[in-house]
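Q: Numbering (the numbering used here), first residue to last: 29 to 162. Where is the CB? At the ideal position from N, CA and C, for every residue including glycine. First the structure, then my questions, so here it is.
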Amino acid sequence: MKRQGGFTLIEMIVVIVILGILAVTAAPKFLSLEKEAKIGTLRGVEAAIVSSASMAHGVLLLNPSSKEFTNTHEYPTADADGIGKLVSVSDDLTAKELADVGYIWGYNDTCYVGYKAPAEAGSEPTYPSDTTGC
Numbered sequence: 029m030k031r032q033g034g035f036t037l038i039e040m041i042v043v044i045v046i047l048g049i050l051a052v053t054a055a056p057k058f059l060s061l062e063k064e065a066k067i068g069t070l071r072g073v074e075a076a077i078v079s080s081a082s083m084a085h086g087v088l089l090l091n092p093s094s095k096e097f098t099n100t101h102e103y104p105t106a107d108a109d110g111i112g113k114l115v116s117v118s119d120d121l122t123a124k125e126l127a128d129v130g131y132i133w134g135y136n137d138t139c140y141v142g143y144k145a146p147a148e149a150g151s152e153p154t155y156p157s158d159t160t161g162c
């Protein structure tokens, strides 16, 4: 009589249970990596925003009548015609104006970095951010 090889039903159930336990243990780590990747991307965009605003400020100090972008108090304005013209990002991020925050680049309204133009002469722009919803 031939003996058949293969898994018994009990062995197959044990393997499935072990794979389930491993999946439940590993899934949070992969989900956390996605959040950290988004936050890392936003930090890179924030550095680009700060650099662009600083370079634009230098241009406006040397040439106050520059018309390449809109400005206020020698810094780019917080809109598509100001800082929005100076910072280019991938299509994964949305650029828009957000009330009380300024101009933002982000994944949603609780996962972004932004730019807010100075409110008065002699002050500097601020760079608000929120990563709670990433």
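Taking its Cβ as the centre, do 16 or more other Cβ atoms sit within 10 Å of L70, making it buried, or is it exposed?
A: Taking the first residue of the sequence shown as 1, we reach residue 70 at position 42. With 16 or more Cβ atoms within 10 Å of its Cβ, L70 is classed as buried.
Q: Please report how far the alpha carbon of A108 lies from the alpha carbon of Y131, in whole angstroms.
A: Taking the first residue of the sequence shown as 1, we reach residue 108 at position 80. Taking the first residue of the sequence shown as 1, we reach residue 131 at position 103. Those two C-alpha atoms are separated by around 8 Å.
Q: Count the other CB atoms, across all protein chains shown, that sit within 10 Å of the CB of V52; report buried if there are 16 or more and exposed otherwise.
A: For the purposes of this step, residue 52 is taken as the residue at position 24 of the sequence shown. With fewer than 16 Cβ atoms within 10 Å of its Cβ, V52 is classed as exposed.
Q: How many Å lie between N136 and T160 at the Cα?
A: Your numbering for residue 136 matches position 108 in the sequence shown. Your numbering for residue 160 matches position 132 in the sequence shown. Cα-Cα distance, rounded: 10 Å.
Q: Quick check on G68: buried or exposed, where buried means 16 or more other Cβ atoms within 10 Å of its Cβ?
A: As a working mapping, residue 68 is identified with position 40 in the sequence shown. By the 10 Å Cβ count, G68 comes out exposed.
Q: How would you call V115, buried or exposed, if buried means at least 16 neighbouring beta carbons within 10 angstroms?
A: The sequence position of residue 115 within the sequence shown is 87, counting from 1. It counts as buried.
Q: Are the C-beta of L89 and some C-beta of chain C separated by less than 7 Å?
A: As a matter of chain content, chain C is missing from the structure shown, which is built from one protein chain.
Q: In this structure, does DSSP put S157 in helix, strand or coil?
A: As a working mapping, residue 157 is identified with position 129 in the sequence shown. Of the three classes helix, strand and coil, the one that applies to S157 here is strand, per DSSP.
Q: So what's E39 in DSSP terms, helix, strand or just coil?
A: Residue 39 sits at position 11 when you count from the first residue of the sequence shown. Of the three classes helix, strand and coil, the one that applies to E39 here is helix, per DSSP.
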